[in-house]
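Here the structure comes first, spelled out in structure tokens, and everything after it is commentary.
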Amino acid sequence: MRTKILMVCLGNICRSPLAEGILKSKLDPSKFEVASAGTGGYHIGALPDQRSIEVAKKYHIDITDQRAMKFSPYHFEEFEYIYVMDTANYRDVIALALSEKEKEKVKLILNEVHPNENTSVPDPYYGGDQGFENVYQMLDEACTIIAKKIQY
Ligand code: 4NP
31 MRTKILMVCL GNICRSPLAE GILKSKLDPS KFEVASAGTG GYHIGALPDQ
81 RSIEVAKKYH IDITDQRAMK FSPYHFEEFE YIYVMDTANY RDVIALALSE
131 KEKEKVKLIL NEVHPNENTS VPDPYYGGDQ GFENVYQMLD EACTIIAKKI
181 QY
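FYI, in the numbering used here the residues of the sequence shown are 31 to 182.
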């Protein structure tokens, strides 16, 4: 069975679709499945934000097959690792967990780069394109570490 990893942000149109695309590009698809979801349901069914699509494309990653979905408590069973983008996402996801085992699956993604610092990936939705480049670089660094960690 493939190991399943879920990336979570608020809208599932800016940060977590990028995280999904970046981590997928670093893993063998026959062994790992990566998906993403939002804690909010405002954009269910939508394509990623055009600015996320563009920055991913710049690094040869296509995320246009993705459609936004809302995080559901069922995802605790389905996924082995759940990476959230910011502390509000962490609070919202943890609030839906029914056991310690479920809570332990949830990690702030930048803690992979800066352990225990609880740094958030800034929400680029209301910012300019530079915000998306910045988010891409942060997520690329985190996903490189995650890929190494889960493969060996
Ligand atoms: P994301 O960014 O959580 O990185 O997908 C956002 C996208 C949309 C909204 C908020 C954040 N929104 O409020 O619509």
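Backbone N, C-alpha and C define an ideal beta-carbon position, used for all residues, glycine too.
Closest to residue i by CA distance: which of the options is it?
i, options, result
"Leu36", "Asp58, Val64, Lys56 and Ile52", "Val64"
"Asp79", "Asp122, Ile139 and Cys44", "Cys44"
"Gly158", "Ala98, Val85 and Met99", "Val85"
"His144", "Ala49, Asp122, Lys61 and Ala172", "Ala172"
"Ala127", "Pro103, Ile139 and Leu140", "Pro103"
"Arg121", "Thr69, Ala49 and Ile74", "Thr69"
Count the other CB atoms within 10 Å of the CB of residue i; is the residue buried (16 or more) or exposed (fewer)?
i, result
"Ser82", "buried"
"Asn42", "buried"
"Lys88", "exposed"
"Met168", "buried"
Would residue i and residue j qualify as a contact pair, given that the criterion is a beta-carbon distance under 8 Å?
i, j, result
"Ile180", "Tyr111", "yes"
"Ile91", "Ile124", "no"
"Ala67", "Arg97", "no"
"Ile93", "Pro47", "yes"
"Glu132", "Phe109", "no"
"Glu189", "Ile176", "Because the chain in this structure spans residues 31 to 182, residue 189 falls outside the shown range and cannot be described."
From the DSSP output, which residues share a beta bridge with residue i?
i, result
"Tyr113", "Met37 and Lys137"
"Gly68", "Cys39 and Lys100"
"Phe62", "Thr33"
Worksheet item: Would you say the stretch 148 to 157 touches the stretch 107 to 119, given that touching needs at least three Cβ pairs under 8 Å?
Response: As far as the Cβ criterion goes, the stretch 148 to 157 touches the stretch 107 to 119, which means the pair count is three or higher.
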